[in-house]
Every structure is written in structure tokens, then in C-alpha cells.
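Residue numbers (UniProt numbering): 1 to 360. Every residue gets a Cβ at the ideal spot worked out from N, C-alpha and C, and that includes glycine. Predicted model, so just to flag it, every value in this text is computed and none were measured. To keep things clear, I will list the structure first and then write my remarks on it.
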Ligand code: PMP
């Protein structure tokens, strides 16, 4: 049994049911006499796991027929380079800058000498919100957003409209709401928050974009290579994909992403209400209209920051871990991804209440 409540931003909490099922089958996978970790990626034993995971992603996210689901490596960070390598046609790429991760995506396109344009940014305000009235032009090769900003704790309520194909980095909120595929042409996510362990990156791409790639792009960096080979061009991270598959099964058992979203809303409300009811003792980083259901970043009104350290210490003693805010914003951050239970959030809220009472 685990005793810690893990509020870490990623790698992060994995559902207990998933870990237990993996544990049961770790040595002997369903009577095959070996672990799934030891199976060839060309074996029928593994291929079944691989294809089931892809099918379950398609079912959970209602992925249309004309999209491919890929399992890649290199983390979401490699996508910052792979997306422009595959989709740029030498024209302009339009970005919304909502924090560290979008800035890193912009930086990669710039390294390649591509023409980038930031159409909206919340940088001036310290990335406290998702910009309003985002206007992508018609001429862009593609438009790019980060759906949930893991560090600042901001999240789009709906994706913006774009005439050009919209690319979405959904690393920290995939599988927490249904995707509007009418708006989205490519969606990618590192698995280590809502989809399992680190080491697998999910890419869901509209098939007509596969043809865009230029011949000078190396084989492993082309989406086409992986789409044609059903993500078995080379050895995939088999154990990670197995765990990802178990996580998909778990989400289905929760009632799918719609049910998960409802539960997440209730969870997040507990925390935001605690912040709002604290009479200024706790200060949320995100403006109310942009608050993330996944990452709740907040500070304590306290000039020398000793209270934040004291609360973190206390939380640690109560086995609540991973609450330290990202070094770029400081304060605290509670990551409450799909796997986090309401009881875990309630325990943190109770601690915050009693701490505020004694330190006000
Ligand atoms: N995008 C977002 C929104 C993220 O939160 C992260 C990681 N926290 C990344 C990209 C980078 O992911 P990776 O570490 O898998 O490269």
C-alpha cells in the first residue's frame, strides 16, 4: 500500500488500480510465462497490448477515422522540434505564448530559422491568464497552443478557432475532457501526467498532415514513418505503453473523460474555494477565468516566504509530497491530475485551513 499523497507535477500519481494490476502481472503476463517487459515488440503478446492501447485512446477521445494515434519517445519536448520539422512549409507559424512550455516550442522553431509570430501572450502579466480574443491569421502554416500550463496553472476552457491546422500541446490535461477535433489537427502529450509513466509521448495527428514532411527530415523524426509502421518502426517503450494501456482501461472504468472531467471539477473547486475563502492568506496565481483543473499554483501572503517553507514542511510530515511550486513561479503547486482522489485534495484543504488559522 502507498502512504503518500502525490501532488507532483509529473511524473505524477498513477491510479492504484493500475499499479496493482501491473504488479499482479509483472512476472507472468496472463500465463505467458514471462513479463510483458521481456516480450519482443514483434510478438503477438505485445502487439495485442499495443493495439488495444491505441484503440482505447481512440474510443476515449472519440478520435475521428482520419487521424492516427502514435506512440513516440523523446518526451513532449521533442515535439517542440518535430512539429515544425513535419508541418512547416516555409511560411509563418503562429503561437499563443502562455508560459514556459509555449516559449520552449517557439524557441525550437526559431532555432530552425523558421518564421514565428506570437499572436497573443500573457507574459506581461506573469502568465496569470489565457489571452482573450486570440486571432490567428489565415496564412499560417499552423497555429499552436498549450492547452494547460503546468507551471502557471492556467487552462483554456475551449480551444481557439484557427483556419490553419491547430496544434495543441495537451501534455498536462490530455484525457481530462473531450477534444474538439473540428478545431484540432495535431495533439500531443507526454504520458507522465494523465496517461501513465514517463517515456511515452502520444501524438494524434490528422492523416492529411503526414504528407507535408520534407525529404530532408531524418526517418525517425517523421510522423509518416511512425504512422506507416503503427508506431513499431523501431523498439517502442513497451512497458510504458503497457502501463498507459492499463491507465486507459482505468479511465474507461471511471466512465470516460466526460465523467473524469466532472470529478476533476469537483476536486479543483475544493482547492480554489479554500484559496478564495482564506481572506487573502492564500493567493492563487491564475486569474479565476483561466484556472486550471489540473495544476493549482498558489502563494502565501508572506514577504519573507518562511510560511511557504513551513507549510511545505508540515505537508511533508503528513506525507503530502510534490507540493513545491516550480522554480520559475515559487510558492506551492498542487497537481491534481485524473488519478488524484477527492480525499487527497480534502486532506490538503484541511491542512491549509488549520495552517492559515494558526499563522494568520
Ligand atoms: N509541455 C507541457 C505542458 C509540460 O507540462 C511539459 C512537462 N512538464 C512538457 C511540455 C515537456 O515534457 P517532457 O518532459 O515530456 O519533454
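{"Asked": "If you follow the beta strand (DSSP E) that residue 280 is in, where does it begin and where does it stop?", "Found": "Where residue 280 is concerned, there is no enclosing beta strand (DSSP E), given that its DSSP letter is neither H nor E."}
{"Asked": "Cα separation between residue 289 and residue 353?", "Found": "24 Å"}
{"Asked": "Excluding five sequence neighbours on each side, which residues of the same chain lie with their C-beta closer than 6 Å to the C-beta of residue 397?", "Found": "There is simply no residue 397 to check, as the chain begins at 1 and stops at 360 in what is shown."}
{"Asked": "By the 10 Å Cβ neighbour count, where 16 or more other Cβ atoms means buried, how is residue 66 classified, buried or exposed?", "Found": "exposed"}
{"Asked": "Can you list, in chain order, the residues of its chain with a C-beta nearer than 6 Å to that of residue 9? Leave out the 5 residues immediately preceding and following it.", "Found": "150, 335"}
{"Asked": "On the DSSP letters alone, give me the boundaries of the alpha helix (DSSP H) that residue 108 sits inside.", "Found": "100 to 111"}
{"Asked": "Cβ of residue 185 within 8 Å of Cβ of residue 166?", "Found": "yes"}
{"Asked": "Helix, strand or coil for residue 240, going by three-state DSSP, please let me know.", "Found": "helix"}
{"Asked": "Contact check, residue 287 vs residue 98 under 8 Å by CB: the rounded distance?", "Found": "Actually they do not touch by this definition, with Cβ atoms about 12 Å apart."}
{"Asked": "DSSP beta-bridge partners for residue 294?", "Found": "For residue 294, which the question treats as bridged, DSSP gives no partner whatsoever."}
{"Asked": "Excluding sequence positions up to five away, which residues of its chain have a Cβ less than 8 Å from the Cβ of residue 264?", "Found": "176, 293, 294, 336, 338"}
{"Asked": "Beta strand (DSSP E) containing residue 168: first to last residue?", "Found": "166 to 169"}
{"Asked": "In or out: residue 194 buried (at least 16 other Cβ within 10 Å) or exposed?", "Found": "buried"}
{"Asked": "Rounded to the nearest angstrom, how far is the Cβ of residue 142 from that of residue 93, given a contact under 8 Å?", "Found": "6 Å"}
{"Asked": "Nearest-angstrom Cα distance between residue 26 and residue 235?", "Found": "20 Å"}
{"Asked": "Return the Cβ separation of residue 54 and residue 247 in integer angstroms, given the expectation that the two are a contact with Cβ distance under 8 Å.", "Found": "Between residue 247 and residue 54 the Cβ distance is about 13 Å, and since that is not below 8 Å, they are no contact."}
{"Asked": "Using DSSP bridges, identify the partner residues of residue 92.", "Found": "115"}
{"Asked": "Under a three-way DSSP split, which group does residue 4 fall into?", "Found": "coil"}
{"Asked": "In angstroms with no decimal places, state the Cα-to-Cα distance between residue 183 and residue 306.", "Found": "45 Å"}
{"Asked": "Whose CA, out of 224, 343, 328, lies closest to the CA of residue 152?", "Found": "328"}
{"Asked": "Any heavy atom of the ligand PMP closer than 7 Å to the Cβ of residue 150?", "Found": "yes"}
{"Asked": "Figure out for me which residue from 229, 160, 351 has the closest Cα to the Cα of residue 71.", "Found": "229"}
{"Asked": "Do you know offhand how far residue 253's Cα is from residue 302's?", "Found": "43 Å"}
{"Asked": "How is the alpha helix (DSSP H) around residue 344 delimited, first residue to last?", "Found": "342 to 359"}
{"Asked": "Ignoring anything shorter than 4 residues or poking outside the region 179 to 252, list the alpha helix (DSSP H) runs there in chain order.", "Found": "223 to 228"}
{"Asked": "Taking only the alpha-carbon atoms, compute the straight-line gap between residue 89 and residue 156 and give it to the nearest angstrom.", "Found": "27 Å"}
{"Asked": "Does the ligand PMP have a heavy atom nearer than 7 Å to the CB of residue 169?", "Found": "yes"}
{"Asked": "On a CA-only basis, which of 197, 169, 58 is nearest residue 22? Give me that one, please.", "Found": "197"}
{"Asked": "Give a single yes or no on whether residue 103 has its beta carbon closer than 7 Å to a heavy atom of the ligand PMP.", "Found": "no"}
{"Asked": "According to DSSP, residue 154 sits in a beta bridge with which residue or residues?", "Found": "149, 291"}
{"Asked": "Excluding sequence positions up to five away, which residues of its chain have a Cβ less than 6 Å from the Cβ of residue 239?", "Found": "37"}
{"Asked": "Might you give, ordered along the chain, the residues of its own chain that have their beta carbon closer than 7 Å to the beta carbon of residue 100, omitting 5 neighbours on each side?", "Found": "151, 328"}
{"Asked": "Work out the CA separation of residue 191 and residue 40 for me, nearest whole Å.", "Found": "22 Å"}
{"Asked": "If you drop the 5 nearest sequence neighbours on each side, which residues of the same chain put their C-beta closer than 6 Å to that of residue 189?", "Found": "170, 171, 174, 202"}
{"Asked": "Among 349, 244, 342, 20, whose alpha-carbon lies nearest the alpha-carbon of residue 314?", "Found": "349"}
{"Asked": "What residues are listed by DSSP as bridge partners for residue 299?", "Found": "283"}
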